[in-house]
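A.B. asks: Structure incoming, see below.
Protein chains: 2
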Amino acid sequence: MAVSIFPPGSDFDNLVGAIARSAKLASHVIANTPTEVKNSVLLRASAALVGAQRDQVLRANAVDVGTAQQRGLSSAMLDRLTIDATRLTQMSEAIEAIVAHPDPVGTIKGERLLPNGLKIARMRAPLGLIAMVYESRPNVTSDAAALCLKSGNACVLRGGSEAVRSNQAICNVFAKALEAEGLPSAAVSMLPTIDREATLALIKLDGVVDLVIPRGGEALIRFVADNARVPVIRHYKGVCHVYVDGDADFDMALNIAINSKTQRPGVCNSMETLLVDRAAAEWFLPRVIKAMKEHNVEVRGDVATRDIVADVYPATPSDFDEEYLDLVLSIAVVDGMEGALSHIRVHGTKHTEAIVTKDKAKADRFIREVDASLVLHNASTRFNDGGELGLGAEIGISTTKIHAYGPMGLMELCTWKWIGYGQGQVRE
Amino acid sequence: MAVSIFPPGSDFDNLVGAIARSAKLASHVIANTPTEVKNSVLLRASAALVGAQRDQVLRANAVDVGTAQQRGLSSAMLDRLTIDATRLTQMSEAIEAIVAHPDPVGTIKGERLLPNGLKIARMRAPLGLIAMVYESRPNVTSDAAALCLKSGNACVLRGGSEAVRSNQAICNVFAKALEAEGLPSAAVSMLPTIDREATLALIKLDGVVDLVIPRGGEALIRFVADNARVPVIRHYKGVCHVYVDGDADFDMALNIAINSKTQRPGVCNSMETLLVDRAAAEWFLPRVIKAMKEHNVEVRGDVATRDIVADVYPATPSDFDEEYLDLVLSIAVVDGMEGALSHIRVHGTKHTEAIVTKDKAKADRFIREVDASLVLHNASTRFNDGGELGLGAEIGISTTKIHAYGPMGLMELCTWKWIGYGQGQVRE
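Chains as they are written, first to last, in this note's numbering: chain A, 1 to 428; chain B, 1001 to 1428.
Below is the structure:
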């Protein structure tokens, strides 16, 4: 992580502690803020992004982009960093979509009368203070702030070094909106530095930070997971598989494979490895490889694949653990369901797995046995997405099985507490 | 943690890694074992504890108790350690109760048809491999093993040093029962040592251990939380409050306070601090303090309390953060609801909080605003218990807001994965 704006030896524990403790105090206020007021804050922020504070955000971003160019960032990275009018509109609209979503806080479920007359239920409650540690894209800042506020939480954000001015400008939009509604601006706080020591101090604040969500490359996520003293929900890489069974509809299989690989190759729910049942390999492999090549996909096959289609690159063992995030595909021939299940057990990343088959019993078994946040029958892996699954905006896709498994939206930023109404009940 | 049975310099990473990896492999088998077979394993274990393996368990326990006596353990500790015929029967019955509970695995919720025809839902799935790190009482071993197996998980257990032989004997009961049903005995594994280094190795096995649950004193829980690299669900101390509002039914308040404090003072859901509304203090404090003394409770009051009832010990500031687990009570006078809410915000431990009032609006506010795993109106704090709340046996009471908040039963040892059945859907 990059150059500090603080002198060496700065007391980050104190500095970060003070920021986080203010945010924690603000979290108690936000937790008990009515839906209408939270929505007003978000609508103010949404309007300011394309109105009153638009130029501040664009100017801050221009400085970030200029610095990044001097540092020689790749054009892909520069593109992710750049905010223009279109992207501001998208950010603004994303906040409006969160406004339109129902408030999860205070929802009641499982009401029940105990034999002793005590009425118990569960009530959805905010988590408290959420730390987000993420990289590059500044729109994550506004998405995360809006999701945390709507779900009754405060947040401390630590974005990427190259976007530090853009992120601060977006934070300022939320600060102003919070203040306009008489709420503490500390509810959306940003670390003033992306120092490694500051991040470390943040993720060790047990009792202050209730959850840390790291988003970004595997190294960042591991750094957080290895050093945090507070709960972490991880969003690791997705090495997603499509298994084409011998009993598949092969036109459907081809279509699903192409869509899973090529519709948007740079995201975590795209397919990285195609598993083909040995029973169908001779017939299906030439067709699917030809189609992949027509879509400019580089194909890397295991030995059995290359025995059938010679004209593909060899896949090394490490290929099957790689998240290419690119137009590259590895293919392995497997011995039916058992082979597919065991390949996924070894190489799967608990993200998204799909089977294509006409055999309902096989589909049911695959769906039940495969351990992934979304397991699909006869559909593209690209459906693992908060929007597609009806959650609305997501703060990430959890591959941790604890708390949330899959897309995390507003509801997953809450917990369920127990509540009970009695008439003087005591325990015998 | 106690003396090692392994020579210094033992390679615990390898040793513990091998045990945990075997258990992980077993977890894949248990995850897909039908309910009837899991129940048969549990019934075999239940029967063996009071039948064929009864004497082995009692003999192992006698050795543990003998060693503990030589080491000069307190009589309370010895009592918790000792297994007799009655306790074996209780352990056996607890397993039968788990058999009677429905299997959470494979339960479907939230079925929904997306506009594109994809049928999505969520399916309850086991977490995988659960590590339990706990102290003293050997019945935790059988409870944890039975809960993990029924919920489709495998477990690695690390109990207290003084119970190491008893725990191994109980593990052997489950190993035999698993083998009799053709299942891998590694599904219930025990660390062969309680070495600190072995525990450290266990809780750092990211990717192998899916969750660690520490149960015991605060030092043990902190040790695990500070060193784990896998998700931890904490079961910290309970400094539970009863707030007696000025608008309370004072007979009810007295009854609830006495029950919350004295019905079983040594457990985490008993009251440690009584908060009394200043508006009622003059009238209520003399009555409640008199009643507490009649129940042999040592009362420690803040200045305002002692101004009204002189004959109580002074409460120091640290009293209000202490989990006495004993017939000791601290009392603070607070300025109505605001005072109660802010006292609980500072001193609460997210465990159990109760308000006694006739004013429904105040009760609703207290229930909504207080951050605790169970918030009660007009009822004893002692109700925060898996059995009382209808979950059945519990593996602990989580004060982590992530994943589970409150008692953790079979359902909380699972996660929800997304599933989807399509007819060839791809993303546009």
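By construction, the Cβ of each residue, glycine as well, lies at the ideal position given by its N, Cα and C atoms.
Taking DSSP's pairing of strands, which residues face K1119 (chain B) in a bridge?
C.D. replies: K1119 (chain B) is bridged to B:L1113 and B:Y1421.
A.B. asks: If you drop the 5 nearest sequence neighbours on each side, which residues of the same chain put their C-beta closer than 6 angstroms to that of A180 (chain A)?
C.D. replies: Contacts found: R44.
A.B. asks: Given that N296 (chain A) touches chain B, what residues does it touch there, using C-beta distances under 8 angstroms?
C.D. replies: Those within 8 angstroms of N296 (chain A) in chain B number zero; the least Cβ separation is about 18 angstroms.
A.B. asks: Have a look at I1120 (chain B) and L389 (chain A) and give me their C-alpha separation to the nearest angstrom.
C.D. replies: Between I1120 (chain B) and L389 (chain A), the C-alpha separation is close to 8 angstroms.
A.B. asks: Pick from A:V334, A:V297 and A:R229: whose alpha carbon is nearest that of A280 (chain A)?
C.D. replies: When only C-alpha atoms are compared, the closest one is A:V334.
A.B. asks: Say whether chain B places a C-beta atom closer than 8 angstroms to the C-beta of Y421 (chain A).
C.D. replies: Y421 (chain A) counts as touching chain B.
A.B. asks: Could you give the residue range of the alpha helix (DSSP H) that holds L43 (chain A)?
C.D. replies: From DSSP, the alpha helix (DSSP H) with L43 (chain A) extends over T35 to L49.
A.B. asks: So which residues on chain B does S380 (chain A) lean against when the C-beta distance must stay under 7 angstroms?
C.D. replies: Under the 7 angstroms cutoff, chain B gives Q1425, V1426 and R1427.
A.B. asks: Less than 8 angstroms between the beta carbons of H1347 (chain B) and T1273 (chain B), yes or no?
C.D. replies: Closer than 8 angstroms, so yes.
A.B. asks: Spell out whether any CB of chain A is found under 8 angstroms from the CB atom of F1383 (chain B).
C.D. replies: Cβ-Cβ to chain A under 8 angstroms: yes for F1383 (chain B).
A.B. asks: Is the beta carbon of T349 (chain A) closer than 8 angstroms to that of A332 (chain A)?
C.D. replies: Cβ atoms of A332 (chain A) and T349 (chain A): not closer than 8 angstroms.
A.B. asks: Excluding the 5 residues flanking L118 (chain A) on each side, which residues of the same chain have their C-beta closer than 6 angstroms to its C-beta?
C.D. replies: Excluding positions up to five away in sequence, the list reads G420, G422 and Q425.
A.B. asks: Round the Cβ separation of V1156 (chain B) and A1023 (chain B) to the nearest angstrom and send it over; I've been treating them as touching at under 8 angstroms.
C.D. replies: That belief holds up - the Cβ atoms of V1156 (chain B) and A1023 (chain B) are roughly 5 angstroms apart, short of 8 angstroms.
A.B. asks: Could you work out which residue in B:P1214, B:F1383 and B:I1258 is closest to I1395 (chain B) when comparing CA atoms only?
C.D. replies: The shortest Cα separation from I1395 (chain B) among B:P1214, B:F1383 and B:I1258 belongs to B:P1214.
A.B. asks: Under 9 angstroms, CB to CB, which of the residues in the stretch 1030-1051 of chain B have a partner in chain A?
C.D. replies: Answer set for the stretch 1030-1051 of chain B: A1031 and N1032.
A.B. asks: Between which two residues does the beta strand (DSSP E) holding C1171 (chain B) run?
C.D. replies: From DSSP, C1171 (chain B) is part of no beta strand (DSSP E) but of the alpha helix (DSSP H) over V1164 to A1180.
A.B. asks: Scan the stretch 400-416 of chain A for residues whose Cβ lies nearer than 7 angstroms to a Cβ of chain B and list them as they occur along the chain.
C.D. replies: The residues in question are T400, K401, I402, H403, Y405, G406, T415 and W416.
A.B. asks: Give the list of continuous alpha helix (DSSP H) stretches no shorter than 4 residues that lie fully inside the stretch 1249-1296 of chain B.
C.D. replies: Entirely contained in the stretch 1249-1296 of chain B, the alpha helix (DSSP H) runs reaching 4 residues are, in chain order, 1250-1262 and 1278-1294.
A.B. asks: Would you say M1337 (chain B) and F1383 (chain B) are within 8 angstroms of each other, going by their C-beta atoms?
C.D. replies: No, Cβ-Cβ distance for M1337 (chain B) and F1383 (chain B) is not below 8 angstroms.
A.B. asks: If contact means a Cβ-Cβ distance below 8 angstroms, which residues of the stretch 1362-1379 of chain B contact chain D?
C.D. replies: Included in the structure are the protein chains A and B, with no chain D among them.
A.B. asks: Compute the distance between the beta-carbons of V133 (chain A) and L220 (chain A), then report whether it is under 8 angstroms.
C.D. replies: For V133 (chain A) and L220 (chain A), yes; Cβs fall inside 8 angstroms.
A.B. asks: Any residues in the stretch 1211-1232 of chain B with a beta carbon nearer than 8 angstroms to a beta carbon of chain A? Which ones, in chain order?
C.D. replies: Cβ contacts with chain A: L1211, A1225, D1226, R1229, P1231 and V1232.
A.B. asks: For Y1405 (chain B), I'd like the list of residues in its chain whose CB is within less than 7 angstroms of its CB, leaving aside the five on either flank, ordered along the chain.
C.D. replies: S1373 and S1398, listed in sequence order.
A.B. asks: Quick one: complete alpha helix (DSSP H) runs, 4+ long, within the stretch 350-386 of chain A?
C.D. replies: Whole alpha helix (DSSP H) segments, 4+ residues: 360-369.
A.B. asks: Given a threshold of 16 other Cβ atoms within 10 Å of its Cβ, counted over all protein chains shown, does V438 (chain A) qualify as buried or as exposed?
C.D. replies: Outside the shown range of chain A, which is 1 to 428, sits residue 438 (chain A), and nothing can be said about it.
A.B. asks: For the stretch 1085-1118 of chain B, enumerate the residues whose C-beta is nearer than 8 angstroms to any C-beta of chain A, in chain order.
C.D. replies: Listed by position along the chain: G1106, R1112, L1114 and L1118.
A.B. asks: Among all the DSSP beta bridges, which residues are the ones paired with R1124 (chain B)?
C.D. replies: Paired residue(s): B:W1416.
A.B. asks: Given this structure, state the Cα-to-Cα distance separating G128 (chain A) from V299 (chain A), to the nearest angstrom.
C.D. replies: Straight-line Cα distance between these residues: approximately 46 angstroms.
A.B. asks: Use the C-beta contact count for N296 (chain A): other C-beta atoms within 10 angstroms, 16 or more gives buried, fewer gives exposed.
C.D. replies: That one is exposed.
A.B. asks: For S92 (chain A), which residues from the same chain have a beta carbon less than 6 angstroms from its beta carbon, with the 5 sequence-adjacent residues on both sides left out?
C.D. replies: The answer, listed in chain order, is S46, L49 and V50.
A.B. asks: Between H1351 (chain B) and N1269 (chain B), is the Cβ-Cβ spacing less than 8 angstroms?
C.D. replies: Cβ atoms of H1351 (chain B) and N1269 (chain B): closer than 8 angstroms.
A.B. asks: Please identify the residue among A:L341, A:T199, A:P314 and A:P231 whose C-alpha is closest to the C-alpha of D206 (chain A).
C.D. replies: D206 (chain A) has its Cα closest to that of A:P231, out of A:L341, A:T199, A:P314 and A:P231.
A.B. asks: So which residues of chain B does M345 (chain A) contact, with C-beta pairs closer than 8 angstroms?
C.D. replies: For clarity, residue 345 (chain A) is Arg in the given sequence; the question names Met instead. Residues of chain B passing the Cβ test: H1028.
A.B. asks: Kindly identify the DSSP beta-bridge partner or partners of A1154 (chain B).
C.D. replies: According to DSSP, A1154 (chain B) bridges with B:L1129.
A.B. asks: At a Cβ threshold of 8 angstroms, is L183 (chain A) touching chain B?
C.D. replies: Not one chain B Cβ lies under 8 angstroms of L183 (chain A).
A.B. asks: What are the start and end residues of the alpha helix (DSSP H) that includes V99 (chain A)?
C.D. replies: Note, V99 (chain A): alpha helix (DSSP H), A85 to A100.
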